[in-house]
Structures are given as structure tokens and as C-alpha cells.
Amino acid sequence: MTTTGIDIAALRQKYAEERDKRLRTAGNDQYLRLTDQLDSTEDPHLPVMEREPVTDHVEFTFIGGGFSGLVTGARVKEAGLQRVRLIDKAGDFGGVWYWNRYPGAMCDTASMVYMPLLEETGYVPTEKYAHGPEIYEHCQRIGKHYGLYDDALFHTQVTEVEWIERDERWLVRTNRGDAFTTTYLGMGTGPLHVAKLPGLEGIKDFRGKSFHTSRWDYDYTGGDPSGAAMTGLADKRVAIIGTGATSIQAVPELAKHAGELFVFQRTPSAVDVRDNHPIDPEWFASVTTPGWQQRWLDSFIALWDSVLSDPSELDLDQEDLVQDGWTDLGRRMGAAIKGVPPEEFSLERMMLAIEATDSVKMTEIRARVDSIIEDPETAEKLKAWFNQMCKRPCFHDEYLPSFNRPNVHLVDTDGQGVERIDEKGVVVDGKLYEVDCIIYASGFEFYGTDAVDRAGYDVVGPNRRRLSEHWAEGMRTLWGQQVHGFPNLFIQQLFQGAFLGSNIPHNLVDTARTIALIVKHMQANGYTQVQPTAAAEDAWIDLLLTHGRPLGNAECTPGYYNNEGKELSLKDRHNVGYPMGSGAFFRMMDKWRTDATFEGLEFA
Ligand code: NDP
Numbered sequence: 017m018t019t020t021g022i023d024i025a026a027l028r029q030k031y032a033e034e035r036d037k038r039l040r041t042a043g044n045d046q047y048l049r050l051t052d053q054l055d056s057t058e059d060p061h062l063p064v065m066e067r068e069p070v071t072d073h074v075e076f077t078f079i080g081g082g083f084s085g086l087v088t089g090a091r092v093k094e095a096g097l098q099r100v101r102l103i104d105k106a107g108d109f110g111g112v113w114y115w116n117r118y119p120g121a122m123c124d125t126a127s128m129v130y131m132p133l134l135e136e137t138g139y140v141p142t143e144k145y146a147h148g149p150e151i152y153e154h155c156q157r158i159g160k161h162y163g164l165y166d167d168a169l170f171h172t173q174v175t176e177v178e179w180i181e182r183d184e185r186w187l188v189r190t191n192r193g194d195a196f197t198t199t200y201l202g203m204g205t206g207p208l209h210v211a212k213l214p215g216l217e218g219i220k221d222f223r224g225k226s227f228h229t230s231r232w233d234y235d236y237t238g239g240d241p242s243g244a245a246m247t248g249l250a251d252k253r254v255a256i257i258g259t260g261a262t263s264i265q266a267v268p269e270l271a272k273h274a275g276e277l278f279v280f281q282r283t284p285s286a287v288d289v290r291d292n293h294p295i296d297p298e299w300f301a302s303v304t305t306p307g308w309q310q311r312w313l314d315s316f317i318a319l320w321d322s323v324l325s326d327p328s329e330l331d332l333d334q335e336d337l338v339q340d341g342w343t344d345l346g347r348r349m350g351a352a353i354k355g356v357p358p359e360e361f362s363l364e365r366m367m368l369a370i371e372a373t374d375s376v377k378m379t380e381i382r383a384r385v386d387s388i389i390e391d392p393e394t395a396e397k398l399k400a401w402f403n404q405m406c407k408r409p410c411f412h413d414e415y416l417p418s419f420n421r422p423n424v425h426l427v428d429t430d431g432q433g434v435e436r437i438d439e440k441g442v443v444v445d446g447k448l449y450e451v452d453c454i455i456y457a458s459g460f461e462f463y464g465t466d467a468v469d470r471a472g473y474d475v476v477g478p479n480r481r482r483l484s485e486h487w488a489e490g491m492r493t494l495w496g497q498q499v500h501g502f503p504n505l506f507i508q509q510l511f512q513g514a515f516l517g518s519n520i521p522h523n524l525v526d527t528a529r530t531i532a533l534i535v536k537h538m539q540a541n542g543y544t545q546v547q548p549t550a551a552a553e554d555a556w557i558d559l560l561l562t563h564g565r566p567l568g569n570a571e572c573t574p575g576y577y578n579n580e581g582k583e584l585s586l587k588d589r590h591n592v593g594y595p596m597g598s599g600a601f602f603r604m605m606d607k608w609r610t611d612a613t614f615e616g617l618e619f620a
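Sequential numbering from 17 applies to the sequence shown in the working numbering.
Below, the structure is given as C-alpha cells:
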């Protein structure tokens, strides 16, 4: 028993039992890709327009039209490049916000830090946590502001990229017959762009309607992403499979409009308070003095990242500008670490302190379930039994109350998941739930699958060496951004850099700054090639493999955070972040940019 009155040993035992129920030998192989499984895997949002293949030359090409491509495109335009081409398989900019238009979609991180380039575009978000349509619209705003539509190619998938030695350029080929060249190549297809389905028997046999949450079919459901009533569901029995961050947001909307809603749960999420509210433009004007967004990003990272940083650097007295669920989590863990007397400090002692504060928080979150849910049996099933950071923390104020509605039924599978699908509906533990529509809120491939395979194309570098070969034993980069042997190639992704210890758009705007500085340096000095030195890349990888900490923890309930509970292979162990945490990574990169000696890179 601790001073908080919580029996930590009993809690550990309960958490372990709940985890063990959910461990399955297949790991990531339990999932399937959408292709060939459901009727509607194409783009439900915009029609594909005919166009002529493109065969020109541009200065910078970025594969991916989400936040990565937009912020990189913006910064290299500011650096002086004119021809910047973003390519995306979607019909417009937006990335995850293009695809994920499910009802209720909103951002879990405060808009002031999540929405990039607010200061540059002068946009004032309307809510503390903006809804999907507003974020999607902001993507278009960035595209227009920086003239990124001029050369963009949408509904276009890159099939191969090849280095042309003689011209010192990349040749990009696509599924639309394009074959154009580019001086610089950027890649940033995002960590959540390959949707996955549970590998259930019978998915194809279902006779009703089915789709993944990232391919929402409003033609069928009625309504729209901004919240219009889904009248098409009024007389329907609807199933949603999965209860992760997406489902938490979609369920309240479905609950309002579906005749009957069946929520199939394998593991309940920990759902904390959301407390969204409109942004008052007067307040906004009073806090947004020049340089405000970077100050907010720094404030967020300093508080949220505290657990990964050097505890002696932790400053808990600093002002929390952002005040969202993440900085609350960071402050709490930071306070726990600070509470360890310096003479007793060790990694083990620190982890115990974090566990103690976590048990208080999770007890609070479980008590919240009891205080909202009217039926005690349902309440019990909605309680999450794991440490808060084992799975993606969720924040919502309407999710739990949905289960008090008479038309909403929780089908808890006690950690076993849906058994199978048949032509009439969903089967759990031998019982068939007949439904008209099945919505898969089953997530996306994250880091348990091969990076080049997820991207959907390979990069053929000098001497015909492929990126898939260079990364056969694990990803190799300098700072997660450039690859030795692959000149003029820049990558926007999470691993081997700031990783997930931060608000992801912060990673992207920071990397975009580095890329733009390198490009500017090359233009100013007439260089035609840049790449990291072999020594710099090797040293970086050694550091990561020696000291890098993976995201998840084997003792956690399985999920994408901990590679579905499977032991990490050597290849997986490359998917880590900078050992000292995101804040320290950003400070290191900031110093590197300020020094401007370009250490670690070789130019030709
Ligand atoms: P998740 O991977 O988080 O959730 C998938 C869900 O499907 C889990 O509940 C999983 O259960 C369940 N599931 C899988 N297989 C089965 C099965 N056989 N039977 C029953 N249930 C099953 O995907 P999401 O789309 O919810 O979220 C993905 C990520 O997207 C989030 O973690 C977050 O990073 C991001 N996101 C961000 C938002 C934002 O605000 N910025 C909003 C929404 C999402 P189990 O837990 O047992 O594996």
C-alpha cells in the first residue's frame, strides 16, 4: 500500500492478468491491409481527374501532401526555391486529415501547437482542440499561402524513384505515367497512412455495408464531417469494431444517429477529461506576440517531454502555456520524478515514482467511468487496466455518456476480440450480432511493418543500391532525416529523431527548418549534392542502438505502442528516438543550425 492508499502490488497483478489475456502470438500479423478486403477502399472524398503525365523538371519534390510535405514545401519556398512539387495519393493536401473524415474527428493536442504555421498564415483556430474539417482546411490554407498547388500532383502514387548519376537528379515515376526529374527529394508519407483491418475470417462474406474509419462513406451514412445528422443510419443496426482514439471520437456521433449501435471492444481505452472550448479572439490577440508559436511549442515540449529528459533540467515552475492533457501528464510525471530525493535517485526509483503517480491518475480515470455510466456492469467493462502510457491516452467528454443511451450496446470481448464476421454480422464468443453496417476502427500500421513496404515504393540510389537494401537490417539515417549513399534525399518521419516524445507537428516544422537551411546553403555555394558522411550515420546509429529507448514496454497491454507485445527484433530496435528525448533533440538541432558548420554532412 502506498501513501495514496493504492495497493500497487495488487494493481500490477491485475494489469498483468489483463495483458496476458490479450497477448497473441501473431503480433502485427493479426492484421490485414484494406486492399481487396472491403468494397470501398478507394478515395470516397474526391473523384480522380484525368490528366496528362508530367515529364518536366522541378527543384524539390516531396512525396506526401500532409503536414510533412506542407511545412517542408513552405520552408524551401521561403529559402528561395520556385518549383516545389508535392505528390499525394489523396485528392488534395491534408494527409491524415484528408482521409480521416469520420464524424467527430478532432485533434487531441491543443490547436495552438498542433496546427503548423499559424503565425505565418495568420490563422486563429476556433477551438482549443480543433475539429477535423478545420484542420483539413488549414492544410489547404498553407498550400495556397505558399503556392504549393502550382506544381502539386494529387491522386498520384509514386512507384519508384531512381538517381540519375549523369544529371545528379532523381527521376520520379508514378502510377499516372509521370516520369519527371527533381534536384531534391523529400519523403514524408506519415506514420499512419496504411490502414489495417483485423485479420478476421469472413470479412469478405459480409453482405451489408462495411468500411474503415479512414474511408468513411457519407453516401451511405448521410451527414458530413462537420456534424450534419447521419440520417442514413436512423433505421440501421451499426457495428463499430475497435475502441482506440478514433472510435472514442466517432462513437458519440454514431450513438446520436444510428438506430442501434454495437461497440465491439477488445481493450477499453483510458478516457480522460477533454474540456474543449472556443478560442476567444481577444485572448488570442493578447498572447500571440511575435514568435508566439515557437514559444508555445517549446513550453509544450519542456513539460511533456520531462520524463525523457535529464531530471536535473526539469523546471516545474515554468509556465504551462498550452495546458492540455499532454502537458498535464508531463507535469504530473515530472513532479513525481522531482519528488525522488537526489541521494536516492536511480532509474528504478524514478520508474517507481512514475508508476505511483500513474496509479493515482488511472484510478481517477476509472472512477470517472463509475461517475458517468449508469449501469455498473457496463461501467466495469469500460475500465482500462494498464498504465496510462501503455496505450494512446484518450480525452473525450461525450464518449462515456454514449453508453447510457438505450440504442448503444457495449459488446465487450474480454480481451479476445471479435471471433469472425459472417454474411449477417459480427460473431463474438459464438454469438452472432446481426447488423447492416460494420465500421472498422482498427487503426493503422505503425512501426511493426517494414518502412519501405509501408511507403509503397523503393528508392534506387547511386550504383543502383536500393533503400530497402540499405535498411534491410534496420533503418539507417542521420537524425532520421538523411541517408548516407542517397544524395539530396530528405526524410520527414519520427524515428531516429525526436520520435513520439513530442507533438508530431513540432518534429515536422523543426526538420523542415533543417532541410531548408541545407538547401539554401547548397544554392548559395553552387553545390549539387549533399548526404551524411558514413561516419556520422554510423555514429548516430550506434548511439541509438546503445541508448535508444523504444516507445513501448513489454509489460504493457499489447498495442502498436509496444509492437503488439512482441519482443523487438534488431531491425525494430532501430525504430527509436534520440536517447535524451525530444526537447534535447530539438536543442541539439537548433544549435547545429545556428553554428551552420554543417557537421556530419558532405557536399559536392
Ligand atoms: P488503434 O490502433 O489505436 O485502435 C484499434 C482498435 O481496434 C483497438 O481498440 C484494438 O483493440 C481494436 N481491434 C483490433 N483488432 C480487433 C479485433 N479482432 N476485435 C476487436 N477489436 C479489435 O487505432 P485508431 O484508429 O483508434 O488510432 C490510431 C492512432 O491515430 C491513435 O493512436 C492516434 O495516434 C491517432 N489518432 C489521433 C487523433 C488526434 O487527435 N490527433 C485522433 C484519432 C486517432 P486492442 O486495443 O485490443 O488492440
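For glycine and all other residues, C-beta sits at the position ideal for the given N, C-alpha and C.
- Query: Is LEU277 near ALA271, with beta carbons less than 9 angstroms apart?
  - Reply: yes
- Drop a sphere of 10 angstroms on the beta-carbon of TYR415, count the other beta-carbons inside from all chains shown, and report buried for 16 or more, exposed for fewer. buried
- Which of the three DSSP states, helix, strand or coil, is assigned to ILE388? If DSSP states are grouped into helix, strand and coil, ILE388 belongs with the helices.
- Task: List the DSSP bridge partners of VAL92.
- Result: Per DSSP, none; premise fails for VAL92.
- Task: Answer with buried or exposed for ALA550, where buried requires no fewer than 16 other C-beta atoms within 10 angstroms of its C-beta.
- Result: exposed
- Query: Quick one: what's got a C-beta closer than 8 angstroms to PHE609's C-beta in the same chain, skipping five residues either side?
  - Reply: One detail in the question is off: residue 609 reads as Arg in this sequence, not Phe. Excluding five sequence positions before and after ARG609, the CB atoms of its chain that fall closer than 8 angstroms to its own CB belong to ARG529, THR530 and LEU533, given in chain order.
- Task: Would you list, in sequence order, the uninterrupted beta strand (DSSP E) runs of no fewer than 3 residues that lie entirely inside the region 264–301?
- Result: Inside the region 264–301, DSSP marks whole beta strand (DSSP E) runs of 3 or more residues at positions 276–281, from first to last along the chain.
- Boundaries (first-last residue) of the beta strand (DSSP E) holding SER226: 225–228
- Message: Quick check on PHE316: does DSSP put it in helix, strand or coil?
- Response: In this structure, PHE316 counts as helix in the three-state DSSP scheme.
- Item | Sequence-distant residues of its chain with Cβ nearer than 6 angstroms to ARG101 (five each side left out) | VAL74, THR77 and ASP167
- Message: At the level of alpha carbons, what is the spacing between PHE316 and ARG436?
- Response: 43 angstroms
- Straight-line CA distance for GLY346 to ASN523? 18 angstroms
- TRP312 versus GLU364 - alpha carbon distance: 32 angstroms
- Which of helix, strand or coil DSSP assigns to GLN46: Correct three-state label for GLN46: helix.
- Query: Ends of the alpha helix (DSSP H) at ILE520?
  - Reply: For ILE520, the enclosing alpha helix (DSSP H) has its first and last residue at 520–541.
- Message: Here's a check: name, in chain order, each residue in its chain whose Cβ is nearer than 7 angstroms to the Cβ of ALA620, leaving out the five neighbours to either side.
- Response: TYR543, THR544 and GLN545
- Query: Does DSSP classify PHE5 as helix, strand or coil?
  - Reply: Shown here, the chain extends from 17 to 620; a query on residue 5 therefore has no answer.
- Task: Return yes when the Cβ of TYR165 is within less than 9 angstroms of the Cβ of GLY159, no when it is not.
- Result: yes
- Message: Nearest by alpha-carbon distance to GLY120: which of SER263, VAL338 and GLU359 is it?
- Response: SER263
- Query: Which residues in the same chain have their Cβ closer than 7 angstroms to the Cβ of PHE83, if we skip the five residues on either side of it in sequence?
  - Reply: For PHE83, where only same-chain residues beyond five positions count, the Cβ hits under 7 angstroms are GLY111, PRO132, PRO521 and LEU524.
- Task: State the start and end residues of the unbroken beta strand (DSSP E) segment that holds GLU176.
- Result: Element bounds for GLU176: 174–180.
- Query: On the three-state DSSP scale, how would you describe THR77?
  - Reply: strand
- Query: For ASN504, does the count of other Cβ atoms within 10 angstroms reach 16, so buried, or fall short, so exposed?
  - Reply: Classification of ASN504: buried, given that the 10 Å Cβ count is 16 or more.
- Give me whichever residues DSSP pairs with VAL188 in a beta bridge. VAL177 and PHE196
- Query: Taking 8 angstroms as the line, does the beta carbon of VAL303 fall inside it for any heavy atom of the ligand NDP?
  - Reply: no
- For the ligand NDP, is there a heavy atom less than 8 angstroms away from the beta-carbon of GLN46? yes
- Using a threshold of 8 angstroms, is the CB atom of LYS407 nearer than that to any non-hydrogen atom of the ligand NDP? Distances taken from the Cβ of LYS407 to the heavy atoms of the ligand NDP include one shorter than 8 angstroms.
- Message: Taking 8 angstroms as the cut-off, is the C-beta of ALA261 nearer than that to any heavy atom in the ligand NDP?
- Response: yes
- In three-state terms, what does DSSP make of LYS212? In this structure, DSSP gives LYS212 an extended state, which the three-state scheme calls strand.
- Query: Would DSSP call HIS7 helix, strand or coil?
  - Reply: Here the chain has residues from 17 to 620 only, and residue 7 is not among them.
- Task: Please confirm whether any heavy atom of the ligand NDP lies closer than 8 angstroms to the CB of CYS123.
- Result: Set against 8 angstroms, the gap from the CB of CYS123 to the closest heavy atom of the ligand NDP is smaller.
- Just reading off the beta strand (DSSP E) that TYR456 is part of, what are its end residues? 453–456
- Message: If contact is defined by three or more beta carbon pairs under 8 angstroms, each pair taking one atom from either stretch, is the region 403–418 in contact with the region 167–187?
- Response: In short, these stretches do not touch, since the Cβ pair count stays below three.
- Item | VAL434 beta carbon near the ligand NDP (any heavy atom closer than 8 angstroms) | Because some heavy atom of the ligand NDP lies under 8 angstroms away, the Cβ of VAL434 counts as near it: yes.
- Item | Identified DSSP bridge partners for LYS447 | VAL444
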